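Read the structure below first, then the notes.
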Amino acid sequence: MKTIATRNLDASPQGGDKIPVGISACLLGKPVRYNGGHSQSRLCLGELSRHFDYRAFCPELEAGFGVPRPTLRLTGDPSDPRMVFSNDASKDVTDRFKTAVADKIEGLAGLDGYILMKNSPSCGLERIKVYRDNGYPHTERTQGLFTAALRQRFPDLPVEEEGRLNDARLRENFILRVFAHHHFRRVVEDAPSLGRLMGFHRDYKYILMAHNQQEYRALGRLLAQAGKEADIGTLQAAYKKRFMAALAKPATRRSHCNVLLHILGYLKRALDGATRRDIMGVIEQYRRGEVNLATPLTLISHYVRRCGSDYIQAQRYLEPYPAPLGLRNQL
């Protein structure tokens, strides 16, 4: 079994250039599941491990349930479920679990993302069954208790289930959000100022446009209306909340084409008509689904590097995450 260095939630800040990302411990191959097994993820232990500094955590172990242990399930009201052992519903461990999680949750403050185990009553992101007294589940599903606490405390933190990361669009979107969250934390939050916040917004213009043009404009107005005496902490928090929410939905092929044409517009004086038509032809091929996003983007990036302005070269859209991840080859 492949092993990589991991840290628990109390660990010191990240080392090197890796981004700190929380993860359900079983996904790293740790034998923490109810039966002493694991759910090792090849995806997480593969290319992602070269860029993410994992902080492994198992809330069920933290609550002292031990290994092996009876399986857990959620019961009662789906909007406020209780946690019990599946072999004895009279053993309500909700308060014990929530107390253990609450004691550790602040250790997540330095993370830029979290990868969760699916179908878990503690770590599941969605579709978790909540059982009735008769043993049958409600039609309404919910999220795991740990995940609920995580999202309540850190609503802007990118979170995703490992299984959903096998979908190329969802994987690209999650990784984009992790890198953007990390960039915001390092560039803006570490040294808050209106100038830094406006610079961040400028550099993420086309990423925002690809995901939500209306929110791009709204965030621009938010910053334009902020005077020099603005409370930077309040402004920064409001911007981050809306920025991360705007990125939460994957960009469409149509919106990517719109952004590519906007960027091409910055090169119109530097390129002859034939070259521009060739690039527009490749963008049209992408719109029709004949090539992947990397194809027109690589072509445009080549000319941006050669003759683009400092402004357009600084756009994070051109490389929002390391190219070796190959994410845009699958979009």
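The opening position of the sequence shown corresponds to residue 796 in the numbering used here, with each subsequent residue numbered one higher. We put the CB at the ideal spot given by N, CA and C, even for glycine. Source: prediction; values computed, not measured.
Query, Result
"Can the beta-carbon of L869 be found closer than 8 Å to that of P863?", "no"
"Name the two residues that bound the continuous alpha helix (DSSP H) containing F979.", "963-979"
"Under the DSSP definition of a beta bridge, which residues are partnered with V816?", "Y849"
"Does DSSP classify Q1125 as helix, strand or coil?", "helix"
"Nearest CA to the CA of A1118: which residue from D890, R1037, M993, T1093?", "T1093"
"Spatial neighbours of L867 within its chain, please: CB distance less than 8 Å, with the 5 preceding and 5 following residues excluded, ordered by chain position.", "Y829, E855, F860, M878, V879, F880, S881, V888, P916, S917"
"Can you look up P932 in the DSSP assignment and give me helix, strand or coil?", "strand"
"Pick out whichever of L989, R1016, R1082, N1053 has its Cα sitting closest to the Cα of I1002.", "N1053"
"Given that a residue counts as buried once 16 or more other Cβ atoms are within 10 Å of its Cβ, and exposed if not, what is K1044?", "exposed"
"Please report the straight-line C-alpha distance between A1065 and G919, rounded to a whole angstrom.", "51 Å"
"So S973 and G908 are in contact, right, with Cβ under 8 Å, and what is the actual spacing, rounded?", "The sequence as given places Val at residue 973; Ser does not occur at that position. Correct: roughly 4 Å between the Cβ atoms."
"Would you call G824 buried or exposed, if buried means 16 or more other Cβ atoms sit within 10 Å of its Cβ?", "buried"
"By a C-beta neighbour count over all protein chains shown, 10 Å radius and 16 as the cutoff for buried, is K913 buried or exposed?", "buried"
"Quick one, which of H1006, A1005, G1028, H996 has its alpha-carbon nearest R1016's?", "H996"
"Return the chain-ordered list of same chain residues with a C-beta closer than 7 Å to the C-beta of R927, the five sequence neighbours on each side being excluded.", "H933"
"Keeping to the same chain, check which residues put their C-beta closer than 8 Å to that of A1021; ignore five residues upstream and five downstream.", "L989, L1030"
"Relative to the C-alpha of K1063, which candidate in V954, I1095, Q1009 has its C-alpha closest?", "I1095"
"Excluding five sequence neighbours on each side, which residues of the same chain lie with their C-beta closer than 7 Å to the C-beta of F847?", "K813, I814, V816"
"For a cutoff of 8 Å on Cβ pairs, would you count Y1011 as touching chain D?", "Absent from the structure: chain D. Only one protein chain is present."
"What did DSSP end up calling F880 once you bin it into helix, strand or coil?", "strand"
"What's the call for A904, buried or exposed, on a 16-neighbour Cβ count within 10 Å?", "exposed"
"Would you mind reading off the limits of the alpha helix (DSSP H) that contains L911?", "Here L911 belongs to no alpha helix (DSSP H); instead the beta strand (DSSP E) covers 909-911."
"D887 by DSSP, collapsed to three states: which one?", "strand"
"Would DSSP call L869 helix, strand or coil?", "strand"
"Measuring alpha carbon to alpha carbon, tell me which residue in V1099, R966, T1047, D951 is nearest E957.", "R966"
"Use the C-beta contact count for P826: other C-beta atoms within 10 angstroms, 16 or more gives buried, fewer gives exposed.", "exposed"
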